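**Student:** Count along the sequence shown from 1, then add 443; that gives the number in the working numbering.
Ideal placement from N, C-alpha and C gives every residue a C-beta, glycine not left out.
Since we're looking at a predicted model, the values are computed, not measured.
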Amino acid sequence: MKQTLLAFAFLLTWTTGFSQEQVYEGNYEMAARFSPEKMKRMVFSTSVSPHWLKKSDRFWYEYETSEGRNWYLVDPVKKTKSQLFDKDKLAMEITRITKDPVDGQHLKLESLKFLEDENTIRFKVKGTEEVLKKDWAEIKAKDKSKKDSMEKKTFVFHYTISNQQLTEITDAPKDPERASWANIAPDSSKIVFAKHNNLYWMDKENFLKAVKDEKDSTVVEHQLTEDGVEDFAYGSSGRGEDNEEMEKNKDKRKRAGVLWNEASSEFVISRTDQRKVKDLWVLHNTRDPRPTLETYKYAMPGDKEQPIEYVYHYSFDSKEMKNLPIATFKDQSVNLYSAPAPANARDDDFRASTWLGDADEFYFGITSRDLKRVDIARWNLTTGTKEVVIEERSNTYIDFPRPELVNGGDELIFWSERDGWGHFYLYGKDGTLKRQLTSGAFHTDRVERVDEKGRRLFFVANGREKGEDPYYEHLYSVSLDGGAITLLNKGDFNHSSVMNDAGSFFVNTYSRVNTVPVSTLHDRTGAKIMDLETADLSNLFAAGYQFPEPFTFKADDGITDLYGVMYKPFDFDSTRKYPLIQYVYPGPQTEAVDKAFSARMDRTDRLAQFGFVVVTLGNRGGHPGRSKWYHNYGYGDLRDYGLADKKAAIEQLADRHEFIDASKVGIHGHSGGGFMSTAAMLVYPDIFKVAVSSAGNHENNIYNRWWSEKHHGVKEQINAKGDTTFIYQIEKNPDLAKNLKGHLMLSHGDVDNNVHPANSIRMANMLMKAGKRFDFVLLPGQRHGYGDMTEYFFWRMGDYFVQHLLGDNTPPPVDMVEMLRDKPLTK
444 MKQTLLAFAF LLTWTTGFSQ EQVYEGNYEM AARFSPEKMK RMVFSTSVSP
494 HWLKKSDRFW YEYETSEGRN WYLVDPVKKT KSQLFDKDKL AMEITRITKD
544 PVDGQHLKLE SLKFLEDENT IRFKVKGTEE VLKKDWAEIK AKDKSKKDSM
594 EKKTFVFHYT ISNQQLTEIT DAPKDPERAS WANIAPDSSK IVFAKHNNLY
644 WMDKENFLKA VKDEKDSTVV EHQLTEDGVE DFAYGSSGRG EDNEEMEKNK
694 DKRKRAGVLW NEASSEFVIS RTDQRKVKDL WVLHNTRDPR PTLETYKYAM
744 PGDKEQPIEY VYHYSFDSKE MKNLPIATFK DQSVNLYSAP APANARDDDF
794 RASTWLGDAD EFYFGITSRD LKRVDIARWN LTTGTKEVVI EERSNTYIDF
844 PRPELVNGGD ELIFWSERDG WGHFYLYGKD GTLKRQLTSG AFHTDRVERV
894 DEKGRRLFFV ANGREKGEDP YYEHLYSVSL DGGAITLLNK GDFNHSSVMN
944 DAGSFFVNTY SRVNTVPVST LHDRTGAKIM DLETADLSNL FAAGYQFPEP
994 FTFKADDGIT DLYGVMYKPF DFDSTRKYPL IQYVYPGPQT EAVDKAFSAR
1044 MDRTDRLAQF GFVVVTLGNR GGHPGRSKWY HNYGYGDLRD YGLADKKAAI
1094 EQLADRHEFI DASKVGIHGH SGGGFMSTAA MLVYPDIFKV AVSSAGNHEN
1144 NIYNRWWSEK HHGVKEQINA KGDTTFIYQI EKNPDLAKNL KGHLMLSHGD
1194 VDNNVHPANS IRMANMLMKA GKRFDFVLLP GQRHGYGDMT EYFFWRMGDY
1244 FVQHLLGDNT PPPVDMVEML RDKPLTK
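1. Using only the alpha-carbon positions, how far apart do aspartate 935 and aspartate 1193 sit?
2. Please list the segments of the beta strand (DSSP E) lying wholly inside the segment 488-547, counting only runs of 3 or more residues, in order along the chain.
3. Run through DSSP, which three-state label would lysine 1212 get?
4. Following the continuous beta strand (DSSP E) through valine 777, name the residue where it begins and the one where it ends.
5. Just checking my contact of asparagine 957 with methionine 485 at CB under 8 angstroms: how many whole Å lie between their CB atoms?
6. Which residue marks the beginning of the alpha helix (DSSP H) containing aspartate 1242, and which one marks its end?
7. Quick check: the segment 1106-1113 against the segment 1021-1036, are there 3 or more CB pairs under 8 angstroms?
8. Which residue from Gln1160, Val1133 and Pro844 puts its Cα closest to that of histidine 1247?
9. Between tyrosine 780 and phenylalanine 807, how many whole angstroms is the CB-CB distance? I'm expecting something under 8 angstroms.
10. Give me, in chain order, the residues of the same chain whose beta-carbon lies closer than 8 angstroms to that of histidine 938; leave out the 5 immediate sequence neighbours on both sides.
11. Should the segment 745-757 be regarded as contacting the segment 716-728, the criterion being three or more beta carbon pairs within less than 8 angstroms?
12. Determine the direct distance from the alpha carbon of tryptophan 858 to that of phenylalanine 805, and round the result to whole angstroms.
13. Taking buried to mean at least 16 other C-beta atoms within 10 Å of its own C-beta, is phenylalanine 710 buried or exposed?
14. Using a threshold of 8 angstroms, state whether the C-beta atoms of aspartate 1045 and proline 993 are closer than that.
15. Would you list, in sequence order, the uninterrupted alpha helix (DSSP H) runs of no fewer than 4 residues that lie entirely inside the segment 959-1038?
16. Determine the direct distance from the alpha carbon of serine 1041 to that of alanine 978, and round the result to whole angstroms.
17. Determine, using beta-carbon pairs with one atom in the segment 1002-1022 and one in the segment 898-910, whether at least three such pairs fall under 8 angstroms.
18. Is the beta carbon of alanine 534 sitting closer than 8 angstroms to the one on valine 520?
19. Using DSSP with H/G/I as helix, E/B as strand and the rest coil, what is leucine 609?
20. For glutamate 763, which beta-bridge partners are listed by DSSP?
21. Within the same chain, show all residues whose beta-carbon is closer than 8 angstroms to that of alanine 1213, passing over the 5 residues directly before and after it, in chain order.
22. Does the Cβ-Cβ distance between glutamate 505 and tryptophan 514 come in under 8 angstroms?
23. For the beta strand (DSSP E) holding leucine 918, just list the boundary residues, first then last.
24. Measuring CA to CA, which of Ile1103, Phe1015 and Gln1160 is closest to lysine 773?
25. Consult DSSP for valine 672 and reduce its assignment to one of helix, strand or coil.
26. Are the segment 1191-1210 and the segment 1138-1153 in contact at 8 angstroms, needing three or more beta carbon pairs?
27. Between the Cα of leucine 642 and the Cα atoms of Thr541, Met764 and Asp529, which residue gives the shortest distance?
28. Would you call asparagine 1252 buried or exposed, if buried means 16 or more other Cβ atoms sit within 10 Å of its Cβ?
29. Tell me which same chain residues have a C-beta within less than 6 angstroms of the C-beta of threonine 489, skipping the five on either side of it?
30. What is the C-beta distance between histidine 886 and glycine 1054, in whole angstroms, given that I count them as a contact (C-beta under 8 angstroms)?
31. When burial is assigned at 16 or more other CB atoms within 10 Å of the CB, is threonine 995 buried or exposed?
32. Using the Cβ count rule (16 or more neighbours within 10 Å means buried), how would you classify phenylalanine 1166?
33. Count the other CB atoms within 10 Å of the CB of lysine 638; is the residue buried (16 or more) or exposed (fewer)?
34. Nearest CA to the CA of tyrosine 1073: which residue from Gly910, Ala475 and Trp864?
35. Suppose you measure from the CA of serine 572 to the CA of phenylalanine 1244; what does that come to, to the nearest Å?
36. If you count every other CB in all the chains shown that lies within 10 Å of the CB of phenylalanine 1223, and 16 or more means buried, which is it?
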């Protein structure tokens, strides 16, 4: 829709003459056209997600287009792709049994999986018939807004592929998710769970009874521990719910994160003592007539009182639970490593979690509180001792993923940034470094698969291919015996690959922000076997969508290359001047810059439709996928480190493009981006004129210890008595409240238990004391992600930028969310 002029001439009479200014109307109709609800009808599947079978190299996948869903079976060896079933015939059979009319184009199958014979599939279909819902009284007690006691009937079917026979299963057990509390041993003989802060177990027979009826009084449970107490529990203690919910759920079975040995006779578990960690609270104002309090433990940076982590080992043979003496650093963190899940395990209803190791030992990681010291260790069950295999040390924080065991556990693959770049190293079991497997000025990111028989590592890396955006990921392989690295998915795109367990085939999906996603099948050498799918974006383009534009620019140092994406209005007019809005997230664990096509466009493409040019862009210190220098750039300067690069981007983009109005710059971000957007307004108040800052951690001294201390740094001090203390000091947004000149809208969910609402409240407090005008939107009943108020928040954000950057002071009515959801707006 061509934008109209609200005010085409303001005639101001002065002694020197007159002036005129153009004010553009916010294009609400175009922004409404691409709402999340409407996007569901315009963008369908964008990647192939393979479900690998266990007895062959075959896999199946589901893919949806504007023509409906299809289910395919692919045989990479035979190079064939076929429909898993005739969906029209299947729909007819389902209609005959359920009495609910459905056709093949609108067929929806839930929880589809292959059974063990790999000739039969199991799936569910939701019917239209409503039936009485079990335990409704309990459900309604929790949610008094419920009006009735009905739910849709679910049908369970088996379909035999060879003879195309459909059978309804009328005695199907309850859904596995109803037993999410169960940690099942590899041989299914034992099930461990937590209750009343302690560990229990039951055998398979009683487990099946419990799954069938959770309240069956004949279920026999065996108690393993008796010393568990609130905040020093085995498994979850229930904290994080409001106090009323905690009381209701105290008798329920809960999942315990045990890791089994392969023989199902032993397990290990970590247990955290939080009794001395200080409480934090949020108040639920909207649930009941009387507001209710939610209390939870929350360790803040610099706090003396921190969680203490322990590791326990239990043997069913000896019936002993041992607390293992692994203490190494004060306030240390412990990671128990689980064995990697096989690629074909995703459809398992219950998959046992086993420890990384063998019958005699298991591996774990220990990190110091300042994250500058890491030990990769194993516990020897025979000798009852801790054995340190690898010691990693740094002057900044250390990132380290789980090691991979190969060659029957005689070797392990370890990832490290010790030479300034993330690379893989091969160690012997005794901790002797055998060789560096990858090297160079690029970043390896993660292990995709290890082919032990062929002694080959398949891994994901970025920044190795010259002439590409260094963030584009590719799949590579390298021999464990040393040698050259092989690129397996060529092409100037961001690639996402899923490999089978044998490392013989992989499915590859590739795109850029400005290309349609394509999925292909390849063998282990990278040779393409067949094309699988190209995403159907026809409805999206028909609605007027246009791809965004990637760009590069220089950081404030004039040397470092940075990367961004520009989003324009779909009715872009090159002769017009547009306000610029930056959507930001500072990192350091990621950057808010898409590299592949994304249908998530509320803060980018869709925001631009009001009449702005929106950009996302990186900054030094903003992403772990480059050098360690780049990643750690903001260490010790967590408030200001990315802002100079955001300012540099405005200057360079305004120089390149006449359509950018550098005098009208807005900025928006959520969480860390909420923190950064407010900081930009206060550090560069003459550059950034309008900000919408949502759920920002404006005071990182009251954010959680693990993120804040890691990325900013904490100083460990040991006095003459040998006592260790930790000093944390950081600059905060409220310290600069007096600098505000432009328009700032703060927002926060009132029950945000990640970034506590106190962050924004303290920011508001200091702004008020400084005599500053600003806006504060509190979202009732919302956690950190804003939940069912995300759409409401989007329109409030749009209003704010339209008013203060475009000068349009006539937004639509308050009920715009409902009005714009499915029909255009006329102002």
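**Tutor:** The answer reads as follows:
1. Locating residue 935 in the sequence shown gives position 492, counting from the first residue. Locating residue 1193 in the sequence shown gives position 750, counting from the first residue. Each residue's Cα considered, the two are about 44 angstroms apart.
2. 502-508, 511-518 and 523-526
3. As a first step, residue 1212 is located in the sequence shown; it is residue number 769 there, counting from the start. In the structure shown, lysine 1212 sits in a helix (DSSP, three-state: H, G or I).
4. Within the sequence shown, numbered from 1, the residue matching residue 777 stands at position 334. First-last of the beta strand (DSSP E) with valine 777: 776-779.
5. Here residue 957 corresponds to residue number 514 of the sequence shown, with the count starting at 1. Here residue 485 corresponds to residue number 42 of the sequence shown, with the count starting at 1. With a Cβ gap of about 17 angstroms, asparagine 957 and methionine 485 do not count as contacting.
6. By 1-based counting over the sequence shown, the position of residue 1242 is 799. Taken as a continuous stretch (DSSP letters only), the alpha helix (DSSP H) holding aspartate 1242 covers 1233-1244.
7. yes
8. Stepping through the sequence shown from its first residue, residue 1247 is reached at position 804. That would be Val1133, whose Cα lies nearest to the Cα of histidine 1247.
9. As a position in the sequence shown, residue 780 is number 337, starting the count at 1. As a position in the sequence shown, residue 807 is number 364, starting the count at 1. Rounded, the Cβ-Cβ distance is 6 angstroms, consistent with contact.
10. Numbered from 1 along the sequence shown, position 495 holds the residue referred to as residue 938. Only Tyr915, Glu916, His917, Leu918, Asn932, Asn951, Thr952 and Tyr953 meet the Cβ criterion.
11. yes
12. In the sequence shown, counting from the first residue as 1, residue 805 sits at position 362. In the sequence shown, counting from the first residue as 1, residue 858 sits at position 415. Rounded to whole angstroms, phenylalanine 805 to tryptophan 858 spans 19 angstroms at the Cα level.
13. Taking the sequence shown and counting its residues from 1, one reaches residue 710 at position 267. Buried.
14. The count along the sequence shown starts at 1 and reaches residue 1045 at position 602. The count along the sequence shown starts at 1 and reaches residue 993 at position 550. Contact: no.
15. 981-985
16. As a position in the sequence shown, residue 978 is number 535, starting the count at 1. As a position in the sequence shown, residue 1041 is number 598, starting the count at 1. One C-alpha to the other measures close to 12 angstroms.
17. no
18. Reading the sequence shown from its first residue, position 91 is the one you call residue 534. Reading the sequence shown from its first residue, position 77 is the one you call residue 520. Going by C-beta atoms, alanine 534 is not nearer than 8 angstroms to valine 520.
19. To locate residue 609, count along the sequence shown from 1; it is residue 166. Looking at leucine 609 - three-state DSSP - the assignment turns out to be strand.
20. Residue mapping note: residue 763 aligns to position 320 of the sequence shown, counting from 1. For glutamate 763, which the question treats as bridged, DSSP gives the partners Ser758.
21. In the sequence shown, the residue the question calls residue 1213 occupies position 770. Cβ within range, chain order: Ala1180, Lys1181 and Leu1183.
22. Taking the first residue of the sequence shown as 1, we reach residue 505 at position 62. Taking the first residue of the sequence shown as 1, we reach residue 514 at position 71. Yes, Cβ-Cβ distance for glutamate 505 and tryptophan 514 is below 8 angstroms.
23. On the sequence shown, residue 918 is found 475 positions in, with the first residue counted as 1. 916-922 is the span of the beta strand (DSSP E), which, as asked, contains leucine 918.
24. For the purposes of this step, residue 773 is taken as the residue at position 330 of the sequence shown. It is Gln1160 whose Cα lies nearest to the Cα of lysine 773.
25. Working through the sequence shown from its first residue, we reach residue 672 at position 229. In this structure, valine 672 counts as strand in the three-state DSSP scheme.
26. Yes: the two stretches touch, three or more of their Cβ pairs being nearer than 8 angstroms.
27. Residue mapping note: residue 642 aligns to position 199 of the sequence shown, counting from 1. Here the closest residue by C-alpha is Met764.
28. Mapped onto the sequence shown, residue 1252 falls at position 809. Looking at its Cβ environment, which holds fewer than 16 other Cβ atoms inside 10 Å, asparagine 1252 is exposed.
29. Counted from its first residue, the sequence shown places residue 489 at position 46. Within the same chain, Pro960 and Ala978 come within 6 angstroms of threonine 489 by CB-CB distance, once the 5 residues on both sides are set aside.
30. Counted from its first residue, the sequence shown places residue 886 at position 443. Counted from its first residue, the sequence shown places residue 1054 at position 611. Histidine 886 to glycine 1054, Cβ: 38 angstroms. No contact.
31. Indexing the sequence shown from 1 puts residue 995 at position 552. With fewer than 16 Cβ atoms within 10 Å of its Cβ, threonine 995 is classed as exposed.
32. Here residue 1166 refers to the residue found at position 723 when the sequence shown is read from its first residue. Note on identity: in this sequence residue 1166 is aspartate, with phenylalanine being the wrong assignment. By the neighbour-count rule (16 or more Cβ atoms within 10 Å), aspartate 1166 is not buried but exposed.
33. Here residue 638 refers to the residue found at position 195 when the sequence shown is read from its first residue. Burial of lysine 638 is indicated by the presence of at least 16 other C-beta atoms within 10 angstroms of its C-beta.
34. Reading the sequence shown from its first residue, position 630 is the one you call residue 1073. For tyrosine 1073, the nearest C-alpha among the options comes from Trp864.
35. Reading the sequence shown from its first residue, position 129 is the one you call residue 572. Reading the sequence shown from its first residue, position 801 is the one you call residue 1244. Looking at the sequence itself, residue 572 is glutamate, so the reference to serine does not match. When rounded, the distance between both Cα atoms is 47 angstroms.
36. For the purposes of this step, residue 1223 is identified with residue 780 of the sequence shown, where counting begins at 1. Checking the sequence shown, residue 1223 turns out to be proline, not phenylalanine. With fewer than 16 other Cβ atoms within 10 Å, it is exposed.
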